[in-house]
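Just so you know, we're using numbering that gives the first Met the number 0 here: the sequence shown kicks off at 0 and counts up by one.
Worksheet: one structure, shown below.
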Amino acid sequence: MTAENLPSIRLDLIPGTLCDERMWMRVAPLLDQHCDLHYVPLHKARTRGQMQELIAGHSAPRAHLVAFSLGAYLAVEYAVAHPERIASLTLIANSARGLQPAEIETRQRIAVMLERNAYTGITRQRLREILHPAHLQDAAIVGVIDQMALELGKDVLLTQFATTIGRLDLMDELAALTFPVLIVGAEDDKLVPAADLRAMAARFPHATLQMFGEASGQQTGHMIPLEAPQALADAMLAFIADHPSVFQR
């Protein structure tokens, strides 16, 4: 099967922290010809349990989950609990080990500040943490991030921080998940160690690892769907083409 004759495949997309379907707005047009995209409204959840309920309620009975950052961790968590409901996973910019200690500290600091002050959107410091330096002045990328942050707002951010800051190390659970998995990461992601993604790929029985960086000619930080949409779409379509028996209409 080649990319040109791919069937129309339903993909259920899960965003990350303080994101909604706009997180996928740059990659979606590159997939629309081949894929039927559905969006999990993660921002509507007020508890960790509700997040899992939203994934269950907005995905196919045997789903091809495509998940970013927080959404990717929740997707692995969901797959561990309900492997029979997963046909494939695409995990973007997230570690099954959970958050890094420095990121936990950052989120705790932000949460304390937000409890005391009005939320005015993403700070320049935070943008430097989540974007590649080449994209810090890219209005198309920064604008989407700012818009999502301001419109989803303080309550969503605090809820997502509070309910998901505690993340178990799921690495030992991965060997039991036998469906195909695509892992996508960036060498320049300051939030997710590349070594974690390589370790995940080694644990899954059927994993494909795609790392973006200087060697691949891709400049991207954590926000891969916005920073490297063409490269991400190419990796996803190649993954679909490589597993014709799994991705059927």
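Every residue, glycine too, gets a C-beta built ideally from N, C-alpha and C.
Here the structure is a predicted model, which is why all the values come from computation and not from measurement.
Less than 7 Å between the beta carbons of residue i and residue j, yes or no?
i: alanine 95; j: valine 75; result: yes
i: threonine 162; j: threonine 46; result: yes
i: arginine 25; j: proline 228; result: yes
i: leucine 17; j: alanine 148; result: yes
i: methionine 50; j: leucine 36; result: no
i: leucine 225; j: isoleucine 91; result: no
i: arginine 166; j: glycine 97; result: yes
i: alanine 101; j: phenylalanine 160; result: no
i: isoleucine 54; j: tyrosine 38; result: no
Beta-carbon within less than 8 Å of residue i's beta-carbon, same chain only, minus the 5 sequence neighbours each way: which residues are those?
i: proline 60; result: Arg84
i: glycine 48; result: none
i: serine 215; result: Ala230
i: alanine 175; result: Val79 and Pro82
i: arginine 106; result: Leu98, Phe160 and Ile164
i: leucine 126; result: Leu135, Val141 and Ile144
i: aspartate 195; result: Ser94, Ala95 and Arg96
i: lysine 153; result: Leu113, Ala117 and Tyr118
i: glutamine 124; result: none
i: valine 155; result: Leu17 and His42
Who are the near neighbours of residue i in its chain, counting only those whose CB is closer than 6 Å to its CB and skipping five residues on each side?
i: glutamine 218; result: His131 and Ala133
i: glutamine 209; result: Val183 and Ala234
i: histidine 242; result: Pro179
Residue i bridges to which residues according to DSSP?
i: arginine 9; result: Asp35
i: isoleucine 182; result: Leu90 and Leu208
i: leucine 113; result: None, per the DSSP bridge assignment.
i: histidine 63; result: Ser87
Enumerate in chain order the residues of its own chain whose CB-to-CB distance from residue i is below 7 Å, with the five nearest sequence positions on each side excluded.
i: alanine 86; result: Arg61, Ala62, His63, Phe178 and Val245
i: aspartate 19; result: Pro40, His42, Met147 and Leu151
i: alanine 193; result: Gly184, Glu186 and Met210
i: leucine 173; result: Ala95, Met199, Arg202 and Phe203
i: alanine 143; result: Correcting the residue identity first, residue 143 is valine in this sequence and not alanine. These residues qualify, in order along the chain: Arg21, Met24 and Leu225.
i: arginine 9; result: Asp35, His37, Ala59 and His63
i: alanine 44; result: Met50 and Leu53
Whole-angstrom Cβ separation of residue i and residue j, contact assumed at under 8 Å?
i: leucine 113; j: leucine 69; result: Actually they do not touch by this definition, with Cβ atoms about 17 Å apart.
i: methionine 222; j: alanine 198; result: Actually they do not touch by this definition, with Cβ atoms about 22 Å apart.
i: leucine 190; j: glutamate 104; result: At roughly 12 Å, the Cβ-Cβ gap does not stay under 8 Å, so leucine 190 and glutamate 104 are not in contact.
i: serine 58; j: cysteine 34; result: The Cβ separation is near 14 Å, so there is no contact.
Could you tell me whether any non-hydrogen atom of the ligand ATP is closer than 6 Å to the CB of residue i?
i: alanine 62; result: Annotation note on the ligand ATP: not contained in the displayed structure, which lists no ligands.
So with Cβ pairs under 7 Å, would you call residue i a contact of chain B?
i: leucine 17; result: Reference to chain B is not applicable here, since this structure consists of a single protein chain.
Open item on the list: I'd like to know if the region 126-135 and the region 12-27 are in contact, where contact means that at least 3 CB-CB pairs between them fall below 8 Å.
Closed with: no
Task: Inter-stretch contact at 8 Å, needing at least 3 Cβ pairs: the region 197-214 / the region 116-133 - done: no
Open item on the list: Does the contact criterion of 3 or more C-beta pairs under 8 Å hold for the region 222-240 versus the region 183-201?
Closed with: The region 222-240 vs the region 183-201: in contact.
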